[in-house]
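Going by the UniProt record's numbering, the residue at position 306 of the sequence shown is 306; the numbering climbs one at a time, nothing skipped.
To keep things clear, I will list the structure first and then write my remarks on it.
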Amino acid sequence: MYIVKRGRIFQIFYYREDVQRIAEREQIALYVNLDDVARYDEALATLIEGNAKRCMENSFRFHHIFNEVVDEMIREVLGDRQPPIRDALDAFIFQRVRMDDQSRISEGYLSGTAEEVRKKYPPQLLRRFEVIFKCRETMKPLAVRDIKANCVGKLVTVSGIVIRATEVKPLLEVMTYACDTCSAEVYQPVTGPSFMPATNCPSKDCVESRANGRLHMQVRGSKFAKFQEIKIQELVGFSRLKYVVRTEIHQLQSDQVPVGSIPRTLTVNVYGESTRQCGPGDLVQISGILIPFMKTGFRQGGLVAETFLEAHSVENIRCSVDDKYAEEELTEEEVELLAQDNLYDMLAYSIAPEIYGLTDVKKSLLLALVGGVDRNASGMKIRGCLNVLLMGDPGVAKSQLLSYVNRLAPRSQCTTGRGSSGVGLTAAVVKDPVTGEMILEGGALVLADRGICCIDEFDKMMDSDRTSIHEVMEQQTISIAKAGIMTTLNARVAIIAAANPAFGRYNPKRSIEQNIDLPAALLSRFDLLWLIQDKPNRDGDRRLASHITYVHMNSKQPEIEGMKPIDMRLIRQDLSNRCGRTCRVHFTDGLLKWLNGSNRLLETLFGKGPLVEMYVDLRRNARESDDSTFTSPRLLLSVIRMSTALARLRLSNVVSPDDIEEAIRLMQASKDSLRPEMHQKEIRHSPVDQAFAVLRELNLSSGEEAIPFKTALESCTRRGITEEALRNAILVHEANGVIMIDPQQRIRFVMN
Numbered sequence: 001m002y003i004v005k006r007g008r009i010f011q012i013f014y015y016r017e018d019v020q021r022i023a024e025r026e027q028i029a030l031y032v033n034l035d036d037v038a039r040y041d042e043a044l045a046t047l048i049e050g051n052a053k054r055c056m057e058n059s060f061r062f063h064h065i066f067n068e069v070v071d072e073m074i075r076e077v078l079g080d081r082q083p084p085i086r087d088a089l090d091a092f093i094f095q096r097v098r099m100d101d102q103s104r105i106s107e108g109y110l111s112g113t114a115e116e117v118r119k120k121y122p123p124q125l126l127r128r129f130e131v132i133f134k135c136r137e138t139m140k141p142l143a144v145r146d147i148k149a150n151c152v153g154k155l156v157t158v159s160g161i162v163i164r165a166t167e168v169k170p171l172l173e174v175m176t177y178a179c180d181t182c183s184a185e186v187y188q189p190v191t192g193p194s195f196m197p198a199t200n201c202p203s204k205d206c207v208e209s210r211a212n213g214r215l216h217m218q219v220r221g222s223k224f225a226k227f228q229e230i231k232i233q234e235l236v237g238f239s240r241l242k243y244v245v246r247t248e249i250h251q252l253q254s255d256q257v258p259v260g261s262i263p264r265t266l267t268v269n270v271y272g273e274s275t276r277q278c279g280p281g282d283l284v285q286i287s288g289i290l291i292p293f294m295k296t297g298f299r300q301g302g303l304v305a306e307t308f309l310e311a312h313s314v315e316n317i318r319c320s321v322d323d324k325y326a327e328e329e330l331t332e333e334e335v336e337l338l339a340q341d342n343l344y345d346m347l348a349y350s351i352a353p354e355i356y357g358l359t360d361v362k363k364s365l366l367l368a369l370v371g372g373v374d375r376n377a378s379g380m381k382i383r384g385c386l387n388v389l390l391m392g393d394p395g396v397a398k399s400q401l402l403s404y405v406n407r408l409a410p411r412s413q414c415t416t417g418r419g420s421s422g423v424g425l426t427a428a429v430v431k432d433p434v435t436g437e438m439i440l441e442g443g444a445l446v447l448a449d450r451g452i453c454c455i456d457e458f459d460k461m462m463d464s465d466r467t468s469i470h471e472v473m474e475q476q477t478i479s480i481a482k483a484g485i486m487t488t489l490n491a492r493v494a495i496i497a498a499a500n501p502a503f504g505r506y507n508p509k510r511s512i513e514q515n516i517d518l519p520a521a522l523l524s525r526f527d528l529l530w531l532i533q534d535k536p537n538r539d540g541d542r543r544l545a546s547h548i549t550y551v552h553m554n555s556k557q558p559e560i561e562g563m564k565p566i567d568m569r570l571i572r573q574d575l576s577n578r579c580g581r582t583c584r585v586h587f588t589d590g591l592l593k594w595l596n597g598s599n600r601l602l603e604t605l606f607g608k609g610p611l612v613e614m615y616v617d618l619r620r621n622a623r624e625s626d627d628s629t630f631t632s633p634r635l636l637l638s639v640i641r642m643s644t645a646l647a648r649l650r651l652s653n654v655v656s657p658d659d660i661e662e663a664i665r666l667m668q669a670s671k672d673s674l675r676p677e678m679h680q681k682e683i684r685h686s687p688v689d690q691a692f693a694v695l696r697e698l699n700l701s702s703g704e705e706a707i708p709f710k711t712a713l714e715s716c717t718r719r720g721i722t723e724e725a726l727r728n729a730i731l732v733h734e735a736n737g738v739i740m741i742d743p744q745q746r747i748r749f750v751m752n
């Protein structure tokens, strides 16, 4: 910024440095902020406010005026010298000016000045910059349906989600012709969507000699600009509240579509440096000029005009939010909160805290939000995303969990089984309205790339549509071979699905395969399958009813074991920081030896370690219970993915044995939930395990630090567990350091 003294008045030239860099071909875009225009001169404040208002009401005309002013400033900076050569078009312009000077000298004239030379060429050809208006900070973005007739010709800001973005293609600005008779060059500026090519040479030599020279297009000497067409749609649903821009000024609406209405779309034409700023699935805020466009032709012609937005600035809000989270500093209280040892339990408790229980299910959803680490060794890709399936009786809060995850994830898509098709989930082949070519339009899984895709009512999908996501769930890609298009799209997405049993409610008299009624090829691609049953239990029903009534009376969830839920904003910021780390989580040599149970090579390959024993036990239990559908070698990779997600949650690059044990525990809990009651009778727990389960339940439900022995004995007696089994359980787990007995003969848990 330069300050120039003229008498007693100081004038601030905000963009003098930018114009100088443009003149030296070091910069292309000149961003003109309307706030700077209003603050240009305090002495002329009233006039400047009028200019700012006119600028917003006649933006298209003022855009041309700003271009002409910048042209004059560039001529002042350059003087009689030519601008430096940076690309092929600069070389063509320099060569033309040089040949023109030589022809003038050969004819006996003096060499023309730079100003005289520039007048022979259209300004669009010599203009190598772009003027981009940026709206004021206080301007509130509009919804698509708020763009009406009073906005035509104005500079407006609109927000929406990108549903389609074409490839960037060259747009003709100045067409250059060469005459085959006199070799003169003719330039034709193109200002509309179409133009009529010139055929006859208008040069002085051809006109005087009446030679009627024919003009031939010179594509290499013409000027083209980058052009991209995108289509944005109104924000739909509660999941968009997470995208916030300039929180100190305003927030975007969470739902711009009224009840019973269809989301509206708007076509946006993007030019020059504003292209390639967004893709399908991104939430954007675009400032531009609304322009009407009359259709031509016999069939389409009429009085009704189409409108499009000529974009000036395109802001990717999702990237802005990620950068904001990365730059935003945490307070001391937030740092202390996130530095606690039980952060894993607190984050799991903070996921849908209004929903009672389901602790392990919430922990699995937390790991799905964090995600594991992708591996691509020797060309074989192993995904790091966790796929989770929630299946259970109606009314067990499956959809509520999905909706909370959808709001919490920085990038997510939510859909339902009956309302989705295979094409809508993967990709559709549509015709490009600009070129008429067949292009791909991404579906929900493509739009949720690097994020979460929540699918509710998963069991209601058609079999043909459900099979279309098999490749996505394992290879994380979508292969397309349609309409002459053969390509592969990235769909690095974690799928969280919710489904009901085949008969509405879980039927314990039928096998697990009959209840779930999903193909084994699909079930094996889910890392965790949770079967949530609504079983009548007096104590559990009482606690659930108390929780629900407390939430409705106080509009908040009760504290459990002294834990308070973490705010969603803080969780999202913490997850963005942890998941945004470009780390490579790996297993150390010592951990690999511990996993496989030995240091020797043969026993390392075929040893008896925790992972190997866990897999063998699950396969044996599946064989004994005739349940081989759900256990496959993919289970080992699932445990590794969960362990790496736990390591990322700890901000560590190394997986620890505790991470492996917690991943194995979640896998075992998931498998236990899938066992029907008839199989659980065959796989009975010992009386000691049953007594310890009663102690764990009392510890979680009472909320007290210690459990009286008499209370534990009464609970065991009601469930048919003897006092001897209770005492044996206390002795066994006291020796393991899990519980301890205080002098008052009360039972205390060392680790909750």
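Backbone N, C-alpha and C define an ideal beta-carbon position, used for all residues, glycine too.
{"Asked": "Output the boundary residues of the beta strand (DSSP E) element that contains Q745.", "Found": "No beta strand (DSSP E) contains Q745, which DSSP labels as neither H nor E."}
{"Asked": "In whole angstroms, what separates the C-alpha of I747 from that of E705?", "Found": "9 Å"}
{"Asked": "Measure the C-alpha to C-alpha separation of R543 and L366 and round it to an integer number of angstroms.", "Found": "24 Å"}
{"Asked": "Specify, as a first and last residue, the run of the beta strand (DSSP E) that S313 falls within.", "Found": "305-316"}
{"Asked": "Using CA atoms only, rank isn't needed, just tell me which of F503, R510, S524, G451 is closest to E471.", "Found": "S524"}
{"Asked": "Where does K119 fall in DSSP's three states?", "Found": "helix"}
{"Asked": "What residue from M217, V268, M99 has the CA that sits closest to V156's CA?", "Found": "V268"}
{"Asked": "I need the straight-line Cα distance from L592 to V429, nearest angstrom please.", "Found": "Confidence at L592 is low in this model, with a pLDDT of 46, below 50, so its placement is unreliable and the value that follows should be read with caution. Answer to the nearest angstrom: the Cα atoms are 47 Å apart."}
{"Asked": "Starting from the C-beta of D659, find all residues in its chain whose C-beta is less than 6 Å away, skip the five residues before and the five after it, and write them out in chain order.", "Found": "S643, L646, A647"}
{"Asked": "Out of C454, I439, F709, which has the shortest C-alpha to C-alpha gap to R407?", "Found": "C454"}
{"Asked": "Spatial neighbours of T501 within its chain, please: C-beta separation below 6 Å, excluding the five flanking residues on both sides.", "Found": "First, the residue type needs correcting, since residue 501 is Pro and not Thr in the sequence shown. Only N515 meet the Cβ criterion."}
{"Asked": "So what does G442 bridge to, in DSSP terms?", "Found": "A427"}
{"Asked": "Within the continuous alpha helix (DSSP H) that includes D35, where are the two ends?", "Found": "34-38"}
{"Asked": "With 16 as the cutoff for other CB atoms within 10 Å, does A88 come out buried or exposed?", "Found": "exposed"}
{"Asked": "I need the DSSP call for A691, collapsed to helix, strand or coil.", "Found": "helix"}
{"Asked": "Under the three-state reduction of DSSP, which class applies to R164: helix, strand or coil?", "Found": "strand"}
{"Asked": "Where does the unbroken beta strand (DSSP E) through M391 begin, and where does it stop?", "Found": "388-392"}
{"Asked": "So what's I664 in DSSP terms, helix, strand or just coil?", "Found": "helix"}
{"Asked": "Would the beta-carbon of A521 fall within 8 Å of that of D459?", "Found": "no"}
{"Asked": "On the DSSP bridge list, what partners appear for H470?", "Found": "For H470, which the question treats as bridged, DSSP gives no partner whatsoever."}
{"Asked": "Just checking my contact of K381 with Q475 at CB under 8 Å: how many whole Å lie between their CB atoms?", "Found": "7 Å"}
{"Asked": "Which residue wins for smallest C-alpha separation from N150, given the options Y187, L611, L290, R210?", "Found": "L290"}
{"Asked": "To the nearest angstrom, report how far apart residue 799 and V639 are at their CA atoms.", "Found": "The question about residue 799 has no answer here: the residues shown for the chain are numbered 1 through 752."}
{"Asked": "Please report how far the alpha carbon of L235 lies from the alpha carbon of S412, in whole angstroms.", "Found": "13 Å"}
{"Asked": "Could you say if the segment 275-286 and the segment 435-453 meet the contact criterion of at least three C-beta pairs nearer than 8 Å?", "Found": "yes"}
{"Asked": "Please look up how many angstroms separate the CB atoms of K223 and T275, rounded, as I've assumed it's under 8 Å.", "Found": "The Cβ separation is near 16 Å, so there is no contact."}
{"Asked": "Give every residue of the same chain whose Cβ lies closer than 7 Å to the Cβ of N33, excluding the five residues on either side of it in the sequence, and list them in chain order.", "Found": "K134"}
{"Asked": "Can you give me the Cβ contacts of D205 inside the same chain, cut-off strictly under 6 Å, excluding the 5 residues immediately before and after it?", "Found": "C182"}
{"Asked": "Can you tell me the Cα-Cα spacing of L402 and I65, whole angstroms?", "Found": "52 Å"}
{"Asked": "Less than 8 Å between the C-beta atoms of A735 and L726, yes or no?", "Found": "no"}
{"Asked": "Looking only at DSSP bridge pairs, what is N490 linked to?", "Found": "T477"}
{"Asked": "Under three-state DSSP, which class holds Q277?", "Found": "coil"}
{"Asked": "Out of D35, Q27, Y15, A663, point me to the one whose CA is closest to G372's CA.", "Found": "A663"}
{"Asked": "Apart from the five residues just before and just after Q102, which ones in its own chain have a Cβ nearer than 7 Å to its Cβ?", "Found": "none"}
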